[in-house]
Amino acid sequence: PWLVQEVPELTLKSHKDVCFKGEGLCVIYLKDGEAAQADIDMLTGLSKKFTSQLSDRGAKMKWMWMNLAVESNYKDLFQPSQLPSAVVFNPHKRLRFAALEHGEDNEIKGDQQGIEKLLDKVLGGDARFKMVPGQKLPAWAQREAAAAGKKAEL
283 PWLVQEVPEL
293 TLKSHKDVCF
303 KGEGLCVIYL
313 KDGEAAQADI
323 DMLTGLSKKF
333 TSQLSDRGAK
343 MKWMWMNLAV
353 ESNYKDLFQP
363 SQLPSAVVFN
373 PHKRLRFAAL
383 EHGEDNEIKG
393 DQQGIEKLLD
403 KVLGGDARFK
413 MVPGQKLPAW
423 AQREAAAAGK
433 KAEL
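Take this note's numbering: the last position of the sequence shown gets the number 436, and nothing is skipped along the way.
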């Protein structure tokens, strides 16, 4: 299903297709729970805006979201000071990511403006990328397979 979604969820099953294979940076929207339709619409709008800015520069960005209530190992990795938040992940050569900085007083929100600021920093070359410790991704949450089995029977 994630291949046809504009802003898919990043999970054990989808992560290679969605982010880690292929080129480009991954913009990961971090949520404590499911992404709402309003979140998806906001990310889709940002994706369109930045895609047109990037096309002439040959940089690619892929957009996705992650449920940190489920993917707790990634919450430990990214250590957002508040949620929602976002990171730009570079999965090539060395695993590294740039996190949205919420400011000393957490005044910068993980909303459209906050994410735009993060992307402007990354594209401007001003973002600080952190290496993933040991260059190994954390373990993904094992999702309930039974639910997936039911859908397949329909």
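Ideal Cβ positions, reconstructed from N, Cα and C, are used throughout, including at glycine. Computed from a prediction, not measured in an experiment: that's the story for all the values here.
Return the residue from the list the options that minimises the CA-CA distance to residue i.
i    : options                   : result
P275 : L350, L325 and W345       : The shown model of the chain, from 283 to 436, leaves out residue 275, and the question about it has no answer.
K356 : A423, H374 and A341       : In the sequence on display, residue 356 carries Tyr and not Lys. The shortest Cα separation from Y356 among A423, H374 and A341 belongs to A423.
Q319 : T333, K298, Q287 and G304 : Q287
G315 : M413, M348, E389 and I397 : M348
D408 : H374, S334 and L400       : L400
V370 : H384, M346 and P283       : M346
M324 : R425, S334, E398 and D387 : E398
Please state whether the Cβ-Cβ distance between residue i and residue j is less than 8 Å.
i    : j    : result
Q364 : G392 : yes
K342 : V309 : no
P373 : F302 : yes
Our contact map puts residue i next to residue j with C-beta atoms below 8 Å; I'd like the distance itself, whole angstroms only.
i    : j    : result
L312 : A368 : 6 Å
A381 : P362 : 7 Å
R378 : K412 : 6 Å
Please go through the same chain and pick out, in chain order, the residues whose beta-carbon is closer than 8 Å to the beta-carbon of residue i, but skip the five residues on each side of it.
i    : result
D358 : P420
K403 : A380 and A409
Q335 : L405
K433 : Bear in mind that the predicted position of K433 carries a pLDDT of just 43, short of 50, making it too unreliable to give a figure here.
Excluding the 5 residues preceding and the 5 following residue i in the sequence, name in chain order all residues of the same chain whose CB lies nearer than 7 Å to its CB.
i    : result
A430 : With a pLDDT of only 45 at A430, under the threshold of 50, the placement of this residue in the model should not be trusted, and no figure is reported.
L285 : D299
F332 : M343 and L401
Checking contacts by CB at 8 Å: is residue i closer than that to chain D?
i    : result
E353 : Absent from the structure is chain D; it holds one protein chain and no more.
Using a Cβ-Cβ cutoff of less than 6 Å, which residues in the same chain neighbour residue i once the five nearest sequence positions on both sides are dropped?
i    : result
G396 : L382 and I390
A317 : W347
I322 : V289
H384 : S363, Q364 and I390
Q394 : M324
(message) I'd like to know if the stretch 326 to 337 and the stretch 292 to 302 are in contact, where contact means that at least 3 CB-CB pairs between them fall below 8 Å.
(response) Using a Cβ-Cβ distance cut-off of 8 Å, the stretch 326 to 337 and the stretch 292 to 302 are not in contact, since fewer than three pairs of beta carbons, one from each stretch, lie closer than that value.
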